[in-house]
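Trainee: Right, I'll just put the structure down here and ask away after.
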Amino acid sequence: MIRRWLLQFCLVLLFSSEISCLDCNRIYVLQTRMNSDSLEHLDKMGGNFPFQCLNERIAFKPRNILKIPLSQQENAKVTIQQILQELFHIFNNNLTQAAWNWTSIKEFQNGLHQQIEKLETCLSAEMEKEVTYPGNENLLLSSLKLKRYFQTIDDFLKEKQYSWCAWEIIRVEISRCFIILNILTKRLENEALPYPLPPTSCPLTAPLRTPNPPAPCPLTTPSWDPCP
């Protein structure tokens with residue numbers, strides 16, 4: 082009887098492990114949906130970008146992150162996870178002056194937390210299988226560039242004392258991060274070569290939607306983030 086129970090228990094563990102593995106192999110499906118949901122929450126938080134904040138904008142240059150080749154799925158997962166962790170940290174700062182919809186903020190934070198946990202589970206499972214990540218030098222370089230980029234955002238918020246305009250500018254900037262996340266998520270579908278940044282007439286420094294938006298931008302840019 083005990084042997085039979087042990088056999089059933091082992092089969093359940095094996096089956097659960099296989100399901101988890103398959104789920105992690107298709108994590109790009111979940112990641113794509115969550116990226117879209119997060120952009121929607123960002124839109125609902127505040128609405129139109131305030132014209133009085135235009136003069137305070139600075140160039141954070143997120144495009145530099147994509148200049149590093151990360152052709153392997155595992156490397157892309159690690160980079161996506163780091164971006165999500167940095168975003169979660171930013172949106173747990175002083176938001177009292179942001180004047181945003183708090184329901185959307187909480188949904189945005191919860192979505193980031195779920196994505197981080199899922200990626201941590203998958204990466205831990207791969208580490209248990211002694212998966213080694215090729216191109217660790219590129220991965221380290223990517224990590225350093227990301228830290229520098231998000232440190233610039235942190236410094237900007239502190240310098241502006243977490244003002245309303247500062248948060249609106251950062252909300253614009255975070256939308257660029259999700260464009261980058263979408264590009265990295267595409268790389269999870271194919272281990273061959275890194276995807277180049279899709280051509281677009283909308284620079285990553287474009288403002289949020291304005292009361293009188295111009296013509297629609299390419300699909301790589303959110304509908305609420307038009308070309309200037």
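So for the sequence shown, the numbering used here puts the first residue at 82; every next one is plus one.
Ideal Cβ placement from N, Cα and C applies to all residues, glycine included.
In whole angstroms, what is the alpha-carbon distance linking Asn175 and Leu238?
Mentor: Walking along the sequence shown from the start, residue 175 turns up at place 94. Walking along the sequence shown from the start, residue 238 turns up at place 157. Rounded to whole angstroms, Asn175 to Leu238 spans 9 Å at the Cα level.
Trainee: Just how far apart, CA to CA, sit Met126 and Ala180?
Mentor: Taking the sequence shown and counting its residues from 1, one reaches residue 126 at position 45. Taking the sequence shown and counting its residues from 1, one reaches residue 180 at position 99. Roughly 9 Å separates the two Cα atoms.
Trainee: Return the residue from the list Leu193, Val159 and Glu254 that minimises the CA-CA distance to Asn219.
Mentor: Residue 219 sits at position 138 when you count from the first residue of the sequence shown. Cα-wise, what sits closest to Asn219 is Val159.
Trainee: Exposed or buried, Pro288, counting other C-beta atoms within 10 Å across all chains shown (16 or more means buried)?
Mentor: Here residue 288 is taken as the residue at index 207 of the sequence shown, counted from 1. Bear in mind that a pLDDT of 42 at Pro288, under 50, signals an unreliable position, so the number given afterwards is only what the model happens to contain. Under this definition Pro288 is a buried residue.
Trainee: Excluding the 5 residues flanking Leu163 on each side, which residues of the same chain have their C-beta closer than 7 Å to its C-beta?
Mentor: For the purposes of this step, residue 163 is taken as residue 82 along the sequence shown, with counting starting at 1. Looking at the sequence itself, residue 163 is Gln, so the reference to Leu does not match. Closer than 7 Å at Cβ, skipping near neighbours: Ser224 and Leu227.
Trainee: Roughly how far, in whole angstroms, is the beta-carbon of Cys258 from the beta-carbon of Leu168, given that I think they are within contact range, below 8 Å?
Mentor: As a working note, residue 258 is residue 177 in the sequence shown. As a working note, residue 168 is residue 87 in the sequence shown. Their Cβ separation, rounded to whole angstroms, is 6 Å, which keeps Cys258 and Leu168 in contact under 8 Å.
Trainee: Got a sec? Which residues, its chain only, sit under 8 Å from Ile251 by beta carbon, not counting five neighbours each side?
Mentor: Indexing the sequence shown from 1 puts residue 251 at position 170. Excluding positions up to five away in sequence, the list reads Ile171, Ile234, Phe237 and Leu238.
Trainee: Mind reading off the beta-carbon distance from Phe130 to Glu254? Whole number of angstroms is fine, and I expect it under 8 Å.
Mentor: Taking the sequence shown and counting its residues from 1, the one referred to as residue 130 is at position 49. Taking the sequence shown and counting its residues from 1, the one referred to as residue 254 is at position 173. About 12 Å; that fails the 8 Å criterion.
Trainee: Would you tell me roughly how many angstroms separate the C-alpha atoms of Leu269 and Phe132, rounded to the nearest one?
Mentor: In the sequence shown, the residue the question calls residue 269 occupies position 188. In the sequence shown, the residue the question calls residue 132 occupies position 51. Cα to Cα, Leu269 sits roughly 38 Å from Phe132.
Trainee: Count the CB pairs spanning the segment 105-124 and the segment 182-189 that are closer than 8 Å, and state whether there are at least three.
Mentor: Yes, since at least three Cβ pairs between the segment 105-124 and the segment 182-189 fall closer than 8 Å, the two stretches touch.
Trainee: Which residue's Cα is closest to the Cα of Ile161: Ile197, Arg107 and Trp245?
Mentor: The residue given as residue 161 occupies position 80 in the sequence shown. Nearest of Ile197, Arg107 and Trp245 to Ile161, Cα basis: Ile197.
Trainee: Give the DSSP-derived three-state secondary structure of Phe189 in the structure shown.
Mentor: Counted from its first residue, the sequence shown places residue 189 at position 108. Of the three classes helix, strand and coil, the one that applies to Phe189 here is helix, per DSSP.
Trainee: Could you compute how far the alpha carbon of Thr113 sits from the alpha carbon of Lys142?
Mentor: Within the sequence shown, the letter at position 32 stands for residue 113. Within the sequence shown, the letter at position 61 stands for residue 142. So the two alpha carbons sit approximately 23 Å from each other.
Trainee: What is the DSSP secondary structure of Gly127, counted as helix, strand or coil?
Mentor: By one-based count along the sequence shown, residue 127 stands at place 46. It is helical.
Trainee: Is any heavy atom of the ligand HEM found at a distance shorter than 7 Å from the C-beta of Gly192?
Mentor: Judged by which ligands are present, the structure shown has none, so any question about the ligand HEM falls away.
Trainee: Helix, strand or coil: which one does DSSP assign to Leu227?
Mentor: Residue mapping note: residue 227 aligns to position 146 of the sequence shown, counting from 1. Residue state, collapsed to three classes: helix.
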